[in-house]
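In the UniProt record's numbering, the protein residues as written are 1 to 330.
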């Protein structure tokens with residue numbers, strides 16, 4: 001996909017600021033997934049000129065099923081990436097020194113969506129059932145949750161059979177799984193769009209189960225944060241991005257329209273993106289971009305509580321910093 005770039009106005013009278021080193025103003029952001037309202041704040045900041053006001057040239061790289069943001073970041077293909085914290089902390093423990101520099105999403109949108117006619121009414125009823133789970137780093141919250149519940153993920157009457165789920169809802173619709181992973185803002189709506197009534201479903205939100213972990217944080221490489229020029233660039237990037245998020249929260253339909261303008265695939269529909277933006281606004285509400293230490297600790301504790309197979313084996317050190325948001329928000 002072609003990258004989208006907003007070039008800062010450098011000439012006098014165009015509202016931009018000239019900098020001696022152009023690279024001090026170039027930012028490449030790697031998204032977790034394809035262009036959609038999940039990332040509206042960044043597209044809004046691009047389209048409304050918020051990055052331009054900060055003197056930044058921002059390129060947004062869409063993701064996809066074959067793109068692993070941590071690998072892109074490690075390879076120098078992006079300055080910052082969006083990632084779920086379980087995936088980021090697992091990558092950090094394996095040797096990739098990623099650091100959370102901002103957290104626009106306050107709450108989790110992850111949940112399991114199950115057929116009600118399977119008799120599932122509680123987590124205990126998962127035993128003996130088949131559950132669709134996303135992998136590529138997205139499996140960590142589920143595996144940690146089952147470990148805390150003492151439910152095996154190796155199948156059998158007392159465990160769950162894990163179906164490696166693609167990024168679609170087919171396993172539920174085709175009855176290959178009793179439950180599948182869904183996001184409040186995306187796949188759940190796809191199930192309803194397929195003609196399923198909410199009355200036919202039962203959902204289990206990770207937030208409600210006390211096992212929610214942080215999603216869609218902004219991450220950079222630790223070594224880059226030792227460079228004052230890079231830090232200054234990130235301060236401006238986070239400030240403009242959060243301005244974009246607040247604008248999107250207040251103008252969901254317009255934000256969805258901006259996202260559609262940047263979707264080169266033509267795969268997204270206006271109705272779906274407006275619906276998604278409405279749900280996304282619930283997840284970013286209450287966040288100014290700074291990471292709440294309590295939310296961080298809850299995530300870490302959840303990931304460590306994996307019994308003999310935890311997602312991470314030790315309390316992380318240096319996995320997040322408030323340096324960027326402290327400056328961006330003041």
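Ideal Cβ positions, reconstructed from N, Cα and C, are used throughout, including at glycine.
In the DSSP assignment, the beta strand (DSSP E) including residue i goes from what residue to what residue?
i, result
"residue 133", "130 to 133"
"residue 163", "161 to 164"
"residue 59", "57 to 61"
Please say whether residue j and residue i have beta carbons closer to each other than 8 Å?
i, j, result
"residue 63", "residue 30", "yes"
"residue 103", "residue 217", "yes"
"residue 121", "residue 203", "no"
"residue 105", "residue 287", "yes"
"residue 111", "residue 184", "yes"
"residue 89", "residue 293", "no"
"residue 222", "residue 76", "no"
"residue 214", "residue 296", "yes"
Go to residue i, then tell me how far its alpha helix (DSSP H) extends in each direction, as first and last residue.
i, result
"residue 257", "252 to 262"
"residue 182", "It is not in any alpha helix (DSSP H) - residue 182 instead sits in the beta strand (DSSP E) that spans 179 to 183."
For residue i, collect the residues of the same chain with a Cβ closer than 8 Å to its Cβ; drop the 5 residues on either side in sequence, then sort them by chain order.
i, result
"residue 256", "37, 40, 270, 273, 274, 276 and 277"
"residue 310", "144, 147, 303 and 304"
Going by DSSP in three states, residue i sits in which element: helix, strand or coil?
i, result
"residue 30", "strand"
"residue 204", "strand"
"residue 303", "helix"
"residue 195", "coil"
"residue 101", "strand"
"residue 312", "coil"
"residue 152", "strand"
"residue 119", "coil"
"residue 211", "coil"
Considering only residues of the same chain and omitting the five flanking positions on each side of residue i, which have a CB-CB separation below 7 Å?
i, result
"residue 12", "Its pLDDT being 26, under 50, residue 12 is placed unreliably in this model, and the coordinates cannot settle the point."
"residue 91", "70 and 98"
"residue 187", "169"
"residue 177", "130, 131, 132, 163 and 171"
If I measure Cβ to Cβ from residue i and keep anything under 6 Å in the same chain, skipping five residues before and after, which residues do I get?
i, result
"residue 212", "108 and 206"
"residue 28", "59, 78 and 79"
"residue 229", "24"
Please tell me whether, using a cut-off of 7 Å, the distance from the CB of residue i to the nearest non-hydrogen atom of the ligand ADP is below it.
i, result
"residue 288", "No copy of the ligand ADP occurs in the structure displayed, which carries no ligand at all."
Check your understanding: Quick one: any contact between the segment 122 to 129 and the segment 187 to 200, if contact means 3 or more CB pairs under 8 Å?
Key -> As far as the Cβ criterion goes, the segment 122 to 129 does not touch the segment 187 to 200, which means the pair count is below three.
**Study point:** the segment 246 to 253 contacting the segment 151 to 158, beta-carbon criterion three pairs below 8 Å
**Key:** Flag = no, the segment 246 to 253 and the segment 151 to 158 do not touch.
Check your understanding: Can at least three beta-carbon pairs, one atom from the segment 133 to 143 and one from the segment 156 to 165, be found at a separation below 8 Å?
Key -> For the pair of segments examined, the segment 133 to 143 was found to touch the segment 156 to 165: the number of CB pairs separated by less than 8 Å reaches three.
Review point. Is there contact between the segment 315 to 325 and the segment 227 to 244, where contact requires at least three CB pairs shorter than 8 Å?
Key: Yes: at least three Cβ pairs fall under 8 Å.
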